[in-house]
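Worksheet for the structure shown next.
There are 2 protein chains.
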Amino acid sequence: MKRNPLMVVGSVALDSVKTQHGAVERAVGGSAVFFAAASCKLSPVATIGVVGEDYPMEKLQGLKNQGVDLTGIEQAKGKSFFWAGEYSENFTSRKTLITDLGVFEHFNPSIGGHLAKSRCLFLGNIHPAVQSNVLEQMDSPELVVCDTMNYWIDQNKKELLDLLRRVDILMINDSEARQLTGESNLLQASKVIQGFGPRSVVIKKGEHGALFFATDWCFSVPGLLLEKVVDPTGAGDSFAGGFMGYLSAQNAFTPDVFRTAMVYGTVMGSFAVESFSIDMLEMINEENILKRVSELKKLTAFD
Amino acid sequence: MKRNPLMVVGSVALDSVKTQHGAVERAVGGSAVFFAAASCKLSPVATIGVVGEDYPMEKLQGLKNQGVDLTGIEQAKGKSFFWAGEYSENFTSRKTLITDLGVFEHFNPSIGGHLAKSRCLFLGNIHPAVQSNVLEQMDSPELVVCDTMNYWIDQNKKELLDLLRRVDILMINDSEARQLTGESNLLQASKVIQGFGPRSVVIKKGEHGALFFATDWCFSVPGLLLEKVVDPTGAGDSFAGGFMGYLSAQNAFTPDVFRTAMVYGTVMGSFAVESFSIDMLEMINEENILKRVSELKKLTAFD
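Chains as they are written, first to last, in my numbering: chain A, 92 to 394; chain B, 92 to 394.
Written as structure tokens, this is what we have:
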């Protein structure tokens with residue numbers, strides 16, 4: 092079946108990252124880039140974003156070769172979103188050294204043509220008013236998933252709650268779920284979030300895996316056990332890409348399909364952290380992905 | 092098949108605990124008590140420990156009624172081991188207010204008679220030299236599992252490493268695994284521990300579940316999603332009790348049996364935290380346990 096591509100809106104950035112295993116300078120990154128690099132292995136995907144005049148578009152050629160529709164990435168006058176950060180020895184904490192929003196500060200995209208007809212939409216972690224604006228331009232998508240972060244929960248909660256009334260799934264990490272709801276118990280937190288609008292909630296717990304809360308069932312998937320984590324940057328967006336890339340390729344969104352989507356999210360997140368930037372995500376093929384899905388099955392199955 | 096009871100050696104204590112859901116004063120606790128309360132639902136179990144003259148032995152009557160062999164608990168002159176602690180709002184941290192070792196300070200048990208013939212032995216978290224001394228008195232047990240803690244890793248590493256050469260499985264929590272090995276990656280940490288002697292390693296991660304590392308396979312089980320956690324005290328020992336209680340009732344220790352044992356550990360740990368002391372563990376029956384095993388299956392299974 093021919094489907095409209097999965098659509099993602101988010102940041103397209105340059106990241107300088109230092110971890111115990113090395114460093115990269117001005118590598119391609121941002122939520123929309125990690126999401127696209129992960130989801131494009133599973134489904135056609137189109138990216139909406141903005142970059143400055145300084146962006147090395149040739150470094151996105153790999154995504155283009157994989158069929159990612161980059162026509163929605165606008166190149167604007169000014170500098171690209173730049174983030175520099177450093178992880179502590181055991182990835183227990185992360186220090187932001189520089190955040191330079193550049194052209195991203197005034198990002199408010201117009202969704203034209205075929206992209207407005209996307210069946211599945213991922214609203215990456217950007218200002219909730221911009222997420223709402225994108226959603227309003229869409230031609231009745233079947234599945235809308237959004238991400239957010241502590242900053243927006245703190246500064247723009249009203250706009251965020253307004254958005255949540257209209258999304259199907261909120262995907263956030265555990266500390267954000269607690270911050271948003273004031274509930275430390277994640278089962279209780281998910282119920283509060285469902286009260287805000289989303290019928291399901293995905294809570295990401297980093298190396299500890301992720302949880303899916305529907306109205307009347309839950310699913311828990313642990314993290315894969317990796318020999319070496321090189322750089323955790325983009326893990327959450329790659330999880331989202333695996334999750335939605337799998338969903339976008341299915342005919343119906345049943346509980347079993349959501350469970351398997353969580354598995355693909357976990358698998359794509361695991362590849363993302365094994366290199367800097369999207370290097371590992373670009374290298375892997377279907378066989379690598381299926382092998383890791385099967386590993387996750389062996390890791391968790393019991394009689 | 093009639094088997095010798097599973098044997099546990101550990102602390103038999105009185106705990107005063109305060110959490111956001113209430114408080115108890117001088118309730119029965121300690122590693123051997125939580126372990127026995129959990130394991131006795133699955134297998135015959137005998138407890139080795141020491142208490143002072145002040146211990147309310149009648150409060151262990153419930154365990155006795157469940158068939159726990161308490162003849163190995165010596166009542167000595169002096170005070171019982173007493174611990175008082177308080178958990179922070181969301182159980183993110185725990186403050187020890189009082190630790191009074193009492194008669195436990197000079198605990199060094201003699202294992203006599205039928206107990207020395209136990210097939211499965213759990214060496215609860217006590218001084219590693221005492222753990223070794225107990226192990227030496229045993230008549231070739233088939234499966235020896237030991238626990239330890241940060242204090243012994245810090246203060247008695249030589250004695251601990253000496254013990255580890257002779258146990259089958261080390262069961263510790265994630266921070267202790269990192270402390271013991273200097274490896275932050277748990278897969279690498281488990282390999283270092285296997286190099287110390289144990290052929291398998293169980294790493295407990297609290298609400299995030301637990302990991303089993305064998306030589307050539309791993310198993311990961313997430314925590315159950317609980318409506319309310321009342322008191323996390325004893326969760327790890329109850330996990331150990333569920334794990335070993337299940338194992339002790341099996342004919343052979345195959346990979347599938349270890350996987351299921353991890354599930355029973357998770358289930359018994361989940362009951363333990365739903366009340367203070369061993370109250371909930373004492374209330375549950377086989378049906379409650381099987382229901383939760385089935386919930387864990389539903390929580391984790393995917394196609």
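Ideal placement from N, C-alpha and C gives every residue a C-beta, glycine not left out.
Query	Result
Residues sharing a beta bridge with Ala114 (chain B), DSSP	B:Lys109
contact_flag[the stretch 93-101 of chain B, the stretch 127-145 of chain A] where n(CB pairs < 8 angstroms) is 3 or more	no
Cβ-based neighbour list, Ser281 (chain B), same chain, cut-off 6 angstroms, excluding 5 preceding and 5 following	Val292, Phe304
Phe393 (chain A) at chain B interface by Cβ criterion, 8 angstroms	yes
8 angstroms Cβ cutoff, Asp322 (chain B) in contact with chain A	no
is_contact[Phe195 (chain A), chain B] using C-beta, thresh 8 angstroms	no
Three-state class that DSSP yields for Met262 (chain A) in the structure shown	strand
Residues near Ile260 (chain B) in its chain [Cβ-Cβ closer than 8 angstroms; skip 5 each side]	Leu234, Val235, Val236, Cys237, Pro289, Arg290, Ser291, Val292, Val293
Residues bridged to Lys389 (chain A) (per DSSP)	Beta-bridge pairing links Lys389 (chain A) to no other residue.
At least three beta-carbon pairs within less than 8 angstroms, the stretch 326-337 of chain A to the stretch 318-334 of chain B	no
Members of the stretch 288-320 of chain A near chain B, C-beta cut-off 9 angstroms	Lys296, Glu298, His299, Gly300, Leu302, Phe304, Trp308, Cys309, Phe310, Ser311, Val312, Pro313, Gly314, Leu315, Leu316, Leu317, Glu318, Lys319, Val320
Residue-level contact to chain B via CB, Thr351 (chain A), 8 angstroms cutoff	yes
Contact list for Asp347 (chain A) against chain B, beta-carbon separation under 8 angstroms	Phe393, Asp394
CB contact check: Leu133 (chain B) to chain A, cutoff 8 angstroms	no
Residue-chain proximity (Leu390 (chain B), chain A), Cβ-Cβ < 8 angstroms	yes
In DSSP terms, what Gly140 (chain A) is bridged to	A:Ile164
Close Cβ partners of Leu192 (chain A) (< 8 angstroms) along its chain, the five nearest in sequence each way excluded	Phe172
Between the CA atoms of Leu255 (chain A) and Gly158 (chain B) - distance to the nearest angstrom	54 angstroms
Short CB-CB distance (under 8 angstroms) between Asn478 (chain A) and chain B	For residue 478 (chain A) there is no data in the structure shown, the boundaries of chain A being 92 and 394.
Residue span of the beta strand (DSSP E) that contains Ser311 (chain A), given as start and end	309-312
Selected residue, minimal CA-CA separation from Ser102 (chain A), among A:Tyr355, A:Val258, A:Gly215	A:Gly215
DSSP-derived helix/strand/coil call for Ser201 (chain B)	coil
Coarse secondary structure for His339 (chain B), derived from DSSP in three states	Residue identity differs from the one stated: residue 339 (chain B) is Ser in this sequence, not His. If DSSP states are grouped into helix, strand and coil, Ser339 (chain B) belongs with the helices.
Unbroken alpha helix (DSSP H) run spanning Arg350 (chain A), endpoints	346-363
Exposure of Thr183 (chain A), with buried meaning 16 or more beta-carbon neighbours within 10 Å	exposed
Any chain B beta carbon closer than 8 angstroms to Leu188 (chain A)	no
Own chain residues within Cβ distance below 7 angstroms of Met371 (chain B), not counting five before or after	Phe362, Ala363, Glu365
Which listed residue (A:Asp230, A:Leu252, A:Thr190) has its alpha carbon closest to that of Pro219 (chain A)	A:Leu252
Sufficient close CB pairs (3 or more, under 8 angstroms) joining the stretch 301-315 of chain A to the stretch 196-213 of chain B	no
Boundaries of the alpha helix (DSSP H) in which Ile189 (chain A) is found, first to last residue	Counting along the chain, Ile189 (chain A) falls outside any alpha helix (DSSP H), though it belongs to the beta strand (DSSP E) covering 185-191.
Beta-carbon contacts of Asp230 (chain A) that lie in its chain and below 7 angstroms, excluding the five residues immediately before and after	Ala207, Lys208
Proximal residues to Lys170 (chain B) (C-beta, below 7 angstroms), its chain only, five neighbours per side dropped	Gly143, Asp145, Asp191, Gly193, Val194
Rounded separation between Tyr434 (chain B) and Ile202 (chain A) - CA only	Outside the shown range of chain B (92 to 394) lies residue 434 (chain B), about which nothing can therefore be said.
Within chain A, the residues that Val354 (chain B) reaches when beta carbons sit closer than 7 angstroms	Phe393
Residues in the stretch 263-279 of chain B having any Cβ partner in chain A nearer than 8 angstroms	Arg269, Ser275, Asn276, Leu277, Leu278, Gln279
N- and C-terminal bounds of the alpha helix (DSSP H) containing Val124 (chain A)	122-130
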